[in-house]
DNA sequence: CGATGTACCAATGTTAACAATACGACAAGG
DNA sequence: CCTTGTCGTATTGTTAACATTGGTACATCG
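Residue numbers (the numbering used here), protein chains in the order written: chain A, 3 to 221; chain B, 3 to 221.
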């Protein structure tokens with residue numbers, strides 16, 4: 003699917019990156035619940051790495067908003083209050099609005115094909131957790147298609163928090179989610195392909211609204 | 003000016019934060035020009051600190067977009083290409099639009115007073131560098147008045163880059179800048195105080211346009 | 001003479017030990 | 001009984017030494 007021309011970036015990653023990935027996965031898997039403390043010695047022991055890379059990984063996760071840390075007070079997994087959800091939603095809205103405009107203005111056919119593929123992958127999602135993963139992947143594809151480095155970075159800064167948010171969403175009600183979401187995303191793709199800014203913006207806004215309603219409505 | 007009620011956060015900062023501040027200031031002062039390499043040993047020697055905090059500081063500066071680093075290839079001061087400037091402008095626009103809406107919707111009188119004060123401080127700016135500092139401080143105040151933690155963080159992620167951008171602007175022409183900018187910001191404050199979303203949005207957009215034009219227009 | 005392989009060096013990545021700090025428990029005093 | 005001061009411990013902040021890697025200059029070969 004559109005090999006981009008170049009062969010491969012071939013950049014080797016550092017240990018800190020892999021540690022960050024491990025911790026991130028552990029959090030999403032539920033090993034570390036929101037509010038739990040992430041002790042450096044414990045992590046370094048479990049991952050068989052020194053505290054240096056762990057420390058660097060935690061700093062990266064903090065950049066992603068997945069954890070929060072205070073001086074000499076350790077690092078804890080982020081807990082999302084209702085206010086946090088509201089912030090996440092409004093900021094995500096601002097970023098997605100720019101992304102949609104950029105996609106409609108500059109995205110190539112290959113970029114749109116990637117978005118399409120991400121939407122298709124949703125049909126194959128086994129459980130709710132997998133669906134959330136696909137959901138995030140879809141929006142990743144949209145931001146990638148926007149071809150806007152800094153916008154993508156801004157999305158990455160809240161991406162994991164949105165993931166966390168969707169995780170609490172499926173905790174509330176898995177019913178409508180698995181069935182409706184794939185179709186909902188297919189409509190987003192269609193609007194993007196049609197280069198219809200107005201329709202796409204409205205659909206993305208509705209998409210976000212649905213997610214927020216599920217979490218906030220039932221006390 | 004509005005003590006917020008609480009006495010003081012009283013949180014002590016780590017060494018890494020201070021190191022980050024020092025390096026940041028050095029970059030803005032021109033000690034390290036864009037593209038220059040930031041060697042860990044050199045910095046740790048100059049600041050009389052170990053490489054640990056320096057490493058952590060560089061990671062933080064990378065989060066702020068002030069430097070870029072690759073694995074085993076060191077850290078360099080960010081250089082802004084024309085495309086980067088375009089990205090910065092559009093993303094900043096998206097963030098400021100949300101900020102303006104938030105300010106108009108939720109900002110307290112104290113918040114607006116802070117913005118006002120930031121605008122007044124511009125009259126006392128001695129040179130162009132000081133003016134740039136005030137310019138950034140003004141927008142800091144706006145984002146602070148928005149009372150939106152994550153939005154403020156998103157702004158911080160490009161704040162230093164905008165600072166860098168404004169620095170290249172005054173490199174092009176200092177003439178109009180020193181004279182017009184204070185008045186321009188006063189109009190922004192007025193629109194914010196009037197809670198006039200349409201006018202404020204347009205004025206902020208024009209404000210950004212002016213800055214970009216100076217840098218991009220004269221080849 | 002150009003291309004290629006190699007060895008060196010400088011800089012970063014990683015590790016482990018040392019120092020400083022926040023939190024909790026417990027005892028003394030009002 | 002509540003407040004306050006002190007101590008101990010667990011955890012983070014910091015440091016310095018070791019390991020690994022990328023770049024470069026140079027020698028060698030075609």
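Ideal Cβ placement from N, Cα and C applies to all residues, glycine included.
The structure displayed is predicted, hence computed values, not measured ones.
Proximity test, Cβ basis, 9 angstroms: residue i and chain B
i, result
"residue 160/A", "yes"
"residue 92/A", "yes"
"residue 54/A", "yes"
"residue 26/A", "no"
"residue 210/A", "no"
"residue 14/A", "yes"
"residue 215/A", "no"
Own chain residues within Cβ distance below 7 angstroms of residue i, not counting five before or after
i, result
"residue 91/B", "210, 214"
"residue 114/A", "147, 194, 195"
"residue 97/B", "153, 156, 157"
"residue 57/B", "42"
"residue 103/A", "199"
"residue 226/B", "This structure cannot speak to residue 226/B, because chain B is shown only from 3 to 221."
"residue 183/A", "124, 133, 137"
Helix, strand or coil at residue i [DSSP, three-state]
i, result
"residue 80/B", "coil"
"residue 110/B", "coil"
"residue 169/B", "helix"
"residue 69/B", "strand"
"residue 4/B", "Residue placement at residue 4/B cannot be trusted, given a pLDDT of 38 that sits under 50; the coordinates are not used to answer."
Cβ-based neighbour list, residue i, same chain, cut-off 6 angstroms, excluding 5 preceding and 5 following
i, result
"residue 5/A", "At residue 5/A, the pLDDT of 41 sits below 50, so the modelled position is not reliable and the matter cannot be decided from this model."
"residue 178/A", "none"
"residue 8/A", "For residue 8/A, the predicted model reports a pLDDT of 45, less than 50, meaning its position is unreliable; a value from the coordinates is still stated below. The answer is none, since no qualifying residue turns up."
"residue 39/A", "76, 78"
"residue 1/B", "Examination of residue 1/B is not possible in this model, given that chain B is present from 3 through 221 alone."
"residue 36/B", "79, 81"
"residue 165/A", "138"
Residue i, buried or exposed, once every other Cβ within 10 Å from all chains shown has been counted against 16
i, result
"residue 157/B", "buried"
"residue 175/B", "exposed"
"residue 118/A", "buried"
"residue 77/A", "buried"
"residue 116/B", "buried"
"residue 108/A", "exposed"
"residue 84/A", "exposed"
"residue 74/B", "exposed"
"residue 27/B", "exposed"
"residue 31/A", "exposed"
"residue 219/A", "exposed"
"residue 94/B", "buried"
"residue 80/A", "buried"
"residue 16/A", "exposed"
"residue 72/B", "exposed"
"residue 208/A", "exposed"
Contacting residues, own chain, Cβ-Cβ under 8 angstroms from residue i (five flanking each side not counted)
i, result
"residue 43/A", "53"
"residue 150/B", "100, 101, 104"
Residue i Cβ short of 8 angstroms to the ligand PLP heavy atom set
i, result
"residue 158/B", "The ligand PLP is not part of the structure shown, which contains no ligands of any sort."
CB contact check: residue i to chain A, cutoff 9 angstroms
i, result
"residue 202/B", "no"
"residue 97/B", "yes"
"residue 129/B", "no"
"residue 86/B", "yes"
"residue 89/B", "yes"
"residue 22/B", "no"
Closer than 8 angstroms, Cβ to Cβ, to anything on chain A: give me those residues from the segment 131-162 of chain B, in chain order. 150, 151, 152, 153, 155, 156, 159, 160
For the segment 99-121 of chain A, enumerate the residues whose C-beta is nearer than 7 angstroms to any C-beta of chain B, in chain order. Contact residues of the segment 99-121 of chain A toward chain B are 99, 100 (C-beta to C-beta distance below 7 angstroms).
Using a Cβ-Cβ cut-off of less than 9 angstroms, give me the residues of the segment 163-192 of chain B that come near chain A, in sequence order. For the segment 163-192 of chain B, which is checked against every Cβ of chain A, the residues closer than 9 angstroms are 163.
Could you list the residues in the segment 57-72 of chain B with a C-beta less than 8 angstroms from some C-beta on chain A, going in chain order? 57, 58, 61, 62, 65, 67, 72
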